[in-house]
Amino acid sequence: MTQTRFDVLTIGNAIVDIIAPVEPGFIEREGMSKGIMHLIDTDRAEDLYAKMPITRQQISGGSAANTAAGVASLGGRAAFVGKVADDPLGDVFETDLNEIGVHYNTSRLKNGALTARSMIFLSEDGERTMNTYLGACHELTERDIRPDEIGGAAITFMEGFLWDPVEAKKAFVLAAHYAHKHERAAALTLSDPFCVDRFRPEFLDLIRSKTIDYVFANVHELKSLYQTDDLGEAVREIAKDAEVAAITMGADGAMAIHNGEVTSVPAYPIDKVVDATGAGDLFASGFLLGLARNQSFESALKTGCLSAHEVISHIGARPQVALDGLVAGHGLAG
340 MTQTRFDVLT
350 IGNAIVDIIA
360 PVEPGFIERE
370 GMSKGIMHLI
380 DTDRAEDLYA
390 KMPITRQQIS
400 GGSAANTAAG
410 VASLGGRAAF
420 VGKVADDPLG
430 DVFETDLNEI
440 GVHYNTSRLK
450 NGALTARSMI
460 FLSEDGERTM
470 NTYLGACHEL
480 TERDIRPDEI
490 GGAAITFMEG
500 FLWDPVEAKK
510 AFVLAAHYAH
520 KHERAAALTL
530 SDPFCVDRFR
540 PEFLDLIRSK
550 TIDYVFANVH
560 ELKSLYQTDD
570 LGEAVREIAK
580 DAEVAAITMG
590 ADGAMAIHNG
600 EVTSVPAYPI
610 DKVVDATGAG
620 DLFASGFLLG
630 LARNQSFESA
640 LKTGCLSAHE
650 VISHIGARPQ
660 VALDGLVAGH
670 GLAG
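For the sequence shown, my numbering begins at 340 and goes up steadily by one.
Put into structure tokens, the structure is as follows:
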């Protein structure tokens, strides 16, 4: 096995998060349901973007991109693969990732859909109303999977949210092939119970065929995967199917399952959960980096839980402090 270029490479939806406060009455005038996420088309995306105040905040986002950002904050070597368009928001996405130390070199989509965006309107009472346009991020293909990048990553991690477009599915399988060709691991996060309900047979086939080595899920996703209300039963099933499974349990912490053995750690105590967005993404950052650097499951779980703890203490899905210093302060290896 050759030396690694990256600790973790992630593949997923490349979305620019655009956050802006709006004046009273704006949500109603635009026909939105307050506090709800709306999927929108190109025309609506362009119209709403033009109406957003210039005080808006724009940051690269998407589940797998958040995980890559967390790996970089932990001091790891991170890379991301995801599709944006050759447009101004594509510039925002690429510049932002590169500035935080994430390698990003996916070719731009030309003469097609616009860069994906999640426009988040903040009402005076703090309620968040989201409008998501998927656009270019669903145009990922096998041509975007580079053997040298995948082969140079200790772990390639893919998000279930992108397991929908046919070409993206092919890209996932090809990435796993290149990972295994170079004796690396391929990982998948189930992303959401809705994803599991839609793609259960396909997800199970990916795991049981050993296309995927490591599986990430929360309790609800794991139970949905095996169609049971019994967590113990779901754990026994994933133990038979996956080489490694990492399961987040909210306030109860997290567990790792390997060779039939379960390692559990508690969550770090917190007075108030401000925003749970990104908790699973940042847990994956810590756990993946731990595995990539051959840490014990207990240490990797603790790093994941501490990373998640930081991100739920404030608004937004990215850490506000350098995670490498945070974990070092808790006696954990980076």
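Ideal Cβ positions, reconstructed from N, Cα and C, are used throughout, including at glycine.
Closer than 7 Å to chain D by CB, residue i
i: L662; result: In summary, chain D is missing from the structure at hand, where a single protein chain is found.
CA-to-CA distance, residue j to residue i, given in whole angstroms
i: F419; j: K562; result: 29 Å
i: A515; j: A526; result: 8 Å
i: A492; j: S372; result: 42 Å
i: T495; j: T406; result: 12 Å
i: T567; j: A590; result: 21 Å
i: P540; j: T471; result: 27 Å
i: T550; j: A593; result: 24 Å
i: A606; j: A556; result: 16 Å
i: Y553; j: E463; result: 42 Å
i: D580; j: V361; result: 48 Å
i: P608; j: D614; result: 15 Å
i: L378; j: S457; result: 9 Å
i: H653; j: V558; result: 23 Å
i: E438; j: G499; result: 26 Å
i: A631; j: S412; result: 15 Å
i: H519; j: R537; result: 27 Å
i: W502; j: E369; result: 31 Å
i: K449; j: G599; result: 48 Å
i: A384; j: T434; result: 22 Å
Collapsed DSSP secondary structure at residue i in the structure displayed
i: H669; result: coil
i: G429; result: helix
i: N598; result: coil
i: P360; result: strand
i: S652; result: coil
i: R368; result: helix
i: S638; result: helix
i: I577; result: helix
i: R485; result: coil
i: V347; result: strand
i: E582; result: coil
i: S446; result: coil
i: A661; result: coil
i: S457; result: strand
i: A493; result: strand
i: S646; result: helix
i: A623; result: helix
i: V441; result: strand
Contacts around residue i, its chain only, beta-carbon distance under 6 Å, and the 5 residues preceding and following it disregarded
i: A595; result: A585, T602, F636 and L640
i: A647; result: A618, L621 and F622
i: H442; result: A418
i: E560; result: L529, P532 and V535
i: T642; result: G625, G629, V666 and L671
Own chain residues within Cβ distance below 7 Å of residue i, not counting five before or after
i: D426; result: L453 and T454
i: I358; result: R395, Q396, I459 and L461
i: A353; result: G401, A404, G421, K422, V423, F432, A455 and C476
i: I546; result: V554, D580 and A581
i: M376; result: M469 and T471
Contact test: residue i Cβ vs the ligand FMN heavy atom, cutoff 6 Å
i: E478; result: Of ligands this structure carries none, so the ligand FMN is not represented either.
Close-in-space but distant-in-sequence residues of the same chain around residue i (CB under 8 Å, 5 per side omitted)
i: S638; result: G629, L671 and A672
i: T381; result: A452, L453, Y472 and G474
Examine the Cβ distances between the stretch 357-376 and the stretch 386-398 and report whether three or more of them are shorter than 8 Å.
Judged by Cβ distances under 8 Å, the stretch 357-376 makes contact with the stretch 386-398, as three or more pairs qualify.
Ignoring anything shorter than 3 residues or poking outside the stretch 377-439, list the beta strand (DSSP E) runs there in chain order.
Within the stretch 377-439, the complete beta strand (DSSP E) runs of at least 3 residues are 396-400 and 417-420.
Start-end ranges of the beta strand (DSSP E) lying completely within the stretch 504-553, minimum 3 residues:
Taking only runs of at least 3 residues, the beta strand (DSSP E) segments lying wholly in the stretch 504-553 are 524-528.
Per the contact definition of three or more C-beta pairs closer than 8 Å, is the stretch 400-414 in contact with the stretch 653-667?
Judged by Cβ distances under 8 Å, the stretch 653-667 makes contact with the stretch 400-414, as three or more pairs qualify.
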